[in-house]
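A.B. asks: The structure under discussion is supplied below as C-alpha cells; questions concerning it will follow.
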Amino acid sequence: MNQKELDRYVRDFHQAVVNQQLSLYYQPLYDLRTGKIIGAEALVRWNHHERGLLPPEWILLLAEKSGLIHLVEEWVIRTACKQNKAWQDAGLPPLVTGVNLSSYTLESDQLGSRIQAILNETNLQPHYLELEFTEDSTRDGERTIEILAELKRIGVKISLDDFGKGYSSIQHLSRFAMNKLKIDQSCVRECMSDVTQTTVIKTVMAMARSLDVQVTAEGVETQEQLDFLWQLGCDSAQGFWFSEPMPAEDLARVLKREERFRNSAFLQLNGGQ
Ligand code: C2E
Ligand code: MG
Ligand code: MG
Ligand code: MG
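Those letters in the sequence shown? Residues 1 to 273, by UniProt numbering.
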C-alpha cells in the first residue's frame with residue numbers, strides 16, 4: 001500500500017470511528033473439564049464499505065496512525081463490559097470477557113482509574129473482565145509491574161497472550177502475577193509433531209500449576225490437538241474446532257441453546273449436570 005492509499009484508509013477510519021462502524025466479535029472459551037463455555041474473547045472488527053470485514057491488525061495499525069488508539073481501545077473495553085452485563089441481565093450464565101490491550105494502552109496514564117470508571121459505569125463486577133497483554137507489551141519491567149498490580153487491586157483478571165510465539169519467558173508469569181497464560185496457536189500446532197515443543201509445553205504447564213496460573217490453549221483446530229492438550233492438563237481452550245468468533249447475538253443464541261439442553265429432561269434423565 002502506498003502513502004496515498006494509507007492516508008485514505010486513515011481518513012476512512014476516522015469516519016468509521018465517528019460513525020460507530022466498529023464492532024466486536026466474540027470467540028467462546030471452553031472449560032476442558034466440564035465442556036461448558038466459561039468465557040469469550042472480544043475481537044475488534046471494522047466493516048469497511050468497499051473491503052468488507054477488516055481484521056484487527058489493520059484496525060490497530062490505522063488506529064495508531066490516526067492517533068485514535070486510546071479512543072478505540074477504550075471503546076472496546078466499554079463495549080465488551082456492557083455486553084457482558086447485558087448477557088447476565090438476560091439470564092445467561094456469567095462469562096469472563098477477555099479484552100486485548102496494546103502496549104499503548106498498557107503504558108497510558110491512569111489505566112487503572114479508567115478501567116475502574118468503565119466498570120462503575122457499566123455496573124460489571126471486576127472479575128468478569130480479563131485483560132490480555134502480550135509479552136512485547138510487558139517488556140518495560142518495573143512500570144508494568146506497577147500497572148498490573150493496580151489492575152489486580154481493582155479485581156480484574158490479567159492474562160499473558162500468545163505465550164510461546166516469540167522468546168517467551170516463564171519469568172513473566174511470576175513477576176507480573178498473571179492469572180492466566182494463553183498458549184499461542186503456533187505452539188499448539190507444533191506441539192503435535194515436535195517433541196521438543198511438547199516438552200516445553202509440559203514444563204510450562206507444570207510451572208503454571210505451581211504458580212496457580214490457569215492455562216488456555218488458543219487456535220485449537222483439530223480433535224487430535226484437543227485430546228493432546230487435554231491430556232497435558234490444559235484448563236481451557238478456544239479455536240475453530242469449537243467455534244469461530246461471532247457477533248454477540250449469535251453467542252447469546254449458542255449460550256441459550258446450551259442452557260436449554262442442560263436443563264432438558266433428556267439430560268436430567270441421563271444423569272447429566
Ligand atoms: P489474539 O488475541 O491471540 O486472538 C486470537 C486470534 O486467533 C483471533 O484473530 C481469532 O480469530 C484467531 N483464531 C481463533 N481460533 C483460531 C483457530 O482455530 N485457527 C486460527 N488460524 N485462528 C484462530 P483476530 O480476531 O484476527 O485477531 C488477531 C489479533 O489481533 C489478536 O490475537 C489480538 O492480538 C489482536 N486484537 C484483536 N482485537 C483486538 C482489540 O480489540 N484490541 C487489541 N489491542 N488487539 C486486538
Ligand atoms: Mg487475545
Ligand atoms: Mg493469542
Ligand atoms: Mg495473536
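Glycine residues also receive a C-beta, built at the ideal position from the N, C-alpha and C atoms.
#1: Under the DSSP definition of a beta bridge, which residues are partnered with G237?
#2: Can you tell me whether DSSP reads A42 as helix, strand or coil?
#3: Does DSSP put Y25 in a helix, a strand or coil?
#4: Using only alpha-carbon positions, find the residue among L6, S174, D235 and K180 that is nearest to L129.
#5: Return the chain-ordered list of same chain residues with a C-beta closer than 8 angstroms to the C-beta of K202, the five sequence neighbours on each side being excluded.
#6: How would you write the range of the beta strand (DSSP E) that F163 sits in, first residue to last?
#7: DSSP state of L95, grouped into three classes?
#8: Any residue with its Cβ nearer than 5 angstroms to a heavy atom of ligand 5 should be included. What is that list in chain order?
#9: Which term fits Y25, buried or exposed, when burial requires 16 or more other beta carbons within 10 angstroms of its beta carbon?
#10: Output needed for P245: all residues of its chain with C-beta closer than 7 angstroms, excluding positions within five of it in sequence on either side, in chain order.
#11: Can V156 and L124 be called in contact, C-beta distance under 7 angstroms?
#12: Measuring straight from C-alpha to C-alpha, what distance separates R209 and T144?
#13: Could you check what DSSP says for F13 in three-state terms: helix, strand or coil?
#14: Can you name, in chain order, every residue of its own chain whose Cβ lies under 8 angstroms from the Cβ of I38, other than the five neighbours on each side?
#15: Got a sec? Which residues, its chain only, sit under 8 angstroms from H70 by beta carbon, not counting five neighbours each side?
#16: How about K85: is its C-beta nearer than 7 angstroms to some C-beta of chain B?
#17: Would you report the Cα separation of W75 and L226, rounded to the nearest angstrom?
#18: Which class does E5 belong to by DSSP, given the choice of helix, strand or coil?
#19: Determine the DSSP secondary structure at N123, reduced to helix, strand or coil.
#20: Tell me the DSSP secondary structure of H49 in three-state form.
#21: Please report how far the alpha carbon of L61 lies from the alpha carbon of R51, in whole angstroms.
C.D. replies: In this structure, then:
#1: Residue 237 is actually Ala in this sequence, not Gly. Paired residue(s): Y30 and A217.
#2: strand
#3: strand
#4: K180
#5: L232
#6: K157 to F163
#7: coil
#8: The model on display carries ligand 1, ligand 2, ligand 3 and ligand 4 but not ligand 5.
#9: buried
#10: Y25, Y26, Q27 and L43
#11: no
#12: 23 angstroms
#13: helix
#14: L29, Y30, D31, L95, V96 and S236
#15: Y104, T105 and S108
#16: Among the protein chains of the structure shown there is no chain B, as only one such chain exists.
#17: 34 angstroms
#18: helix
#19: coil
#20: coil
#21: 16 angstroms
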